[in-house]
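Going by the working numbering, the first residue of the sequence shown is number 4, and it counts up by one from there.
The beta-carbon is built from N, C-alpha and C at its ideal position, and this holds for glycine as well.
Notes follow the structure.
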Amino acid sequence: MTTARMPLPRSIYIEPTSRCNELCQQCPRTLLSREDDRDLSFEDFRYIVDQFPELERVVLHGLGEPLLNKDLPQMIRYLKARGIYVLFNSNGILLNARRGQELIDAGLDEYRLSMDGATRETYARVRGVDAFAKIWRNIRAFIARQQEQNASKPAVSLWFTAMKENLHELPGLIDLVYEHGIREVYLQRLVYFERG
């Protein structure tokens with residue numbers, strides 16, 4: 004009798020940090036008690052990744068903001084050296100010139116901007132911080148940097164979580180996306196859950 008070998012995962016999610024710089028009203032991180040915030044070290048990251056020899060895709064986010072982990076560019080480079088497709092979602096607050104260049108240089112395949120409002124007021128209400136203008140400045144500068152360098156990667160997309168507080172702003176958000184040169188928009192629904 005032979006036993007079939009279970010196939011190894013080809014895609015995994017790894018959370019580089021559990022820290023975040025927002026307090027989103029819909030996020031379990033904001034609403035539920037949890038263990039202390041911490042970053043995944045590069046050594047621990049490598050230990051995890053090396054257990055999956057057939058990886059094709061790694062998503063580098065969980066509930067935290069990936070750009071808060073100083074080792075993120077090194078993690079991306081490590082994965083890209085193995086030919087793995089790498090992406091993550093980010094709120095864009097920390098996407099300054101240095102970090103943006105690090106992402107381009109590391110070979111990131113896809114940068115997904117999480118944006119849940121088309122106005123400063125709605126964004127601040129949903130995300131718990133007043134960073135709307137800063138995020139759009141960061142994205143504009145990042146896309147301009149890519150164009151100056153003829154860098155096709157990372158592909159930049161926008162992810163919008165639809166809820167009753169912001170759905171009416173979707174048309175305005177499409178206008179903002181167009182103005183800033185983002186080519187893809189994804190609408191995702193909020194999954195409500197009850198405590199207990």
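Requested in this report: Find the nearest neighbour of Pro-76 within the set Ile-146, Phe-55, Arg-102, judged by alpha-carbon distance.
Outcome: Numbered from its first residue, the sequence shown carries residue 76 at position 73. Nearest of Ile-146, Phe-55, Arg-102 to Pro-76, Cα basis: Arg-102.
Query - Assigned secondary structure, Pro-125 (DSSP; H/G/I helix, E/B strand, else coil) - result: Mapped onto the sequence shown, residue 125 falls at position 122. According to the sequence as given, residue 125 is Thr; it is not Pro. If DSSP states are grouped into helix, strand and coil, Thr-125 belongs with the helices.
Query raised in the report: So what's Leu-193 in DSSP terms, helix, strand or just coil?
Result: Here residue 193 refers to the residue found at position 190 of the sequence shown. Three-state result, Leu-193: coil.
**Report entry** C-alpha distance - Ala-134 paired with Thr-164, whole-angstrom precision
**Finding:** Taking the sequence shown and counting its residues from 1, the one referred to as residue 134 is at position 131. Taking the sequence shown and counting its residues from 1, the one referred to as residue 164 is at position 161. Taking the straight line from one Cα to the other gives about 17 Å.
Query - Exposure of Ser-21, with buried meaning 16 or more beta-carbon neighbours within 10 Å - result: Start at 1 with the first residue of the sequence shown, and residue 21 comes out as number 18. Result: buried.
Query raised in the report: What are the boundary residues of the alpha helix (DSSP H) that Val-132 is part of?
Result: For the purposes of this step, residue 132 is taken as the residue at position 129 of the sequence shown. Unbroken run through Val-132: none, as it is neither H nor E.
Query raised in the report: Between which two residues does the beta strand (DSSP E) carrying Ala-84 extend?
Result: In the sequence shown, residue 84 corresponds to position 81, counting from 1. From DSSP, Ala-84 is part of no beta strand (DSSP E) but of the alpha helix (DSSP H) over 75-84.
Query raised in the report: Would DSSP call Phe-91 helix, strand or coil?
Result: Residue 91 sits at position 88 when you count from the first residue of the sequence shown. The answer is strand: DSSP assigns Phe-91 an E or B state.
Query raised in the report: Whose C-beta lies closer than 6 Å to the C-beta of Leu-82 among residues of the same chain, with five residues either side of it excluded?
Result: Working through the sequence shown from its first residue, we reach residue 82 at position 79. Around Leu-82: Val-61, Val-89.
Query - Secondary structure of Phe-163, DSSP reduced to three states - result: Position 160 of the sequence shown holds residue 163. The answer is strand: DSSP assigns Phe-163 an E or B state.
**Report entry** Unbroken beta strand (DSSP E) run spanning Arg-60, endpoints
**Finding:** Counting from one through the sequence shown, the residue named residue 60 turns up at place 57. Run containing Arg-60: 60-62, per the beta strand (DSSP E) assignment.
**Report entry** One or two residues paired with Arg-115 in a DSSP bridge
**Finding:** The residue you call residue 115 lines up with position 112 of the sequence shown. Looking at the DSSP assignment, Arg-115 forms a beta bridge with Asn-92, Ser-160.
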